[in-house]
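To convert, take the position in the sequence shown, counting from 1, and add 723; that gives the working numbering.
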Amino acid sequence: MAKLTKKQKEVAAKFDKTKLYTLEEASALIKDIDTSKFDATVDIAVRLGVDPKKANQMVRGVVSLPHGTGKDIKVLALVTPDKEQEAKDAGADFVGLDEYLDKIKGGWTDVDVIVTMPAVMGKLGPLGRILGPRGLMPNPKAGTVTMEVGKAVSDVKAGKIDFRVDKTGIVHAIVGKVSFDAEKIKDNAKELISTLNKMKPTAAKGVYMKSIYLSSSMSPSVQVDPKSV
724 MAKLTKKQKE
734 VAAKFDKTKL
744 YTLEEASALI
754 KDIDTSKFDA
764 TVDIAVRLGV
774 DPKKANQMVR
784 GVVSLPHGTG
794 KDIKVLALVT
804 PDKEQEAKDA
814 GADFVGLDEY
824 LDKIKGGWTD
834 VDVIVTMPAV
844 MGKLGPLGRI
854 LGPRGLMPNP
864 KAGTVTMEVG
874 KAVSDVKAGK
884 IDFRVDKTGI
894 VHAIVGKVSF
904 DAEKIKDNAK
914 ELISTLNKMK
924 PTAAKGVYMK
934 SIYLSSSMSP
944 SVQVDPKSV
């Protein structure tokens with residue numbers, strides 16, 4: 724068995740891996756046990772009692788985090804010329820259409836979110852094999868396929884994120900940075916959990932919110948008591 728480093732021993736002494744913490748306790752603890760030398764991202768992993776293979780148990784949606792993600796989200800707006808200025812004014816990092824479609828065909832995906840219009844979706848279909856695996860394909864349910872391009876870009880920049888349950892029944896999402904106050908991390912995580920609770924599929928039976936974990940880029944996971952949220 725590998726020996727623990729000095730830092731790992733210090734971290735291990737600060738919390739109990741077997742304990743269920745309240746969301747407030749976990750939000751403060753995740754700051755205390757992070758050992759990174761950079762502003763690490765804080766992630767949440769929520770295991771749901773659903774079967775993602777069944778269409779009536781798929782959980783997918785969007786949530787606006789009250790304090791944003793703390794990450795500079797790079798947005799590409801694939802729009803027609805009449806919508807370009809609207810996208811630029813809203814803060815889109817890249818704006819255009821055919822030239823960016825060609826770049827994506829060539830393998831370029833250096834963005835976090837793509838916002839587009841219904842009329843453009845036909846051109847994006849052939850790029851599904853590139854955008855899909857990277858989670859970049861725009862989706863009406865996520866609010867990234869819309870005629871209100873400016874609002875969509877502004878929402879994403881302000882901390883609106885989309886989420887979906889993966890094939891193992893877990894929802895992964897960013898809820899802030901280690902530099903955030905513990906209260907802000909808690910607020911963001913609570914907003915996501917509350918949104919997930921409202922989206923419980925009627926077909927899902929038994930315990931819905933099975934487990935919740937908070938972690939940072941360089942920390943162990945802290946288990947949150949679902950009943951405390």
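By construction, the Cβ of each residue, glycine as well, lies at the ideal position given by its N, Cα and C atoms.
Check                                                                                                                                                             : Outcome
Just to confirm the assignment, what range does the beta strand (DSSP E) spanning S877 have?                                                                      : Note, S877: premise wrong, no beta strand (DSSP E); alpha helix (DSSP H) at 872-881.
DSSP state of Y936, grouped into three classes?                                                                                                                   : strand
Which word fits T792, buried or exposed, when buried means at least 16 other C-beta atoms lie within 10 angstroms of its C-beta?                                  : buried
Quick check for students: name the residue ranges of the beta strand (DSSP E) that lie wholly in the region 822-899, counting only runs of 3 or more.             : 836-839, 883-887
Exposed or buried, what is M870 when buried is set at 16 or more other beta-carbons lying within 10 Å of its beta-carbon?                                         : exposed
Enumerated in chain order, which unbroken segments of the beta strand (DSSP E) with a length of 3 residues or greater are wholly contained in the region 779-817? : 783-787, 798-801
Run the CB neighbour count on T741, radius 10 Å, all protein chains shown included, and call it buried at 16 or more, exposed below.                              : exposed
Considering only C-alpha positions, which residue in the set K794, F817, P924, D825 is nearest to G772?                                                           : P924
Can you look up A751 in the DSSP assignment and give me helix, strand or coil?                                                                                    : helix
Pick out whichever of V843, D816, P856 has its Cα sitting closest to the Cα of P863.                                                                              : V843
By how many angstroms is the C-alpha of I893 removed from the C-alpha of A749?                                                                                    : 19 Å
What residues match up with A768 in a beta bridge as DSSP calls it?                                                                                               : H895, Y936
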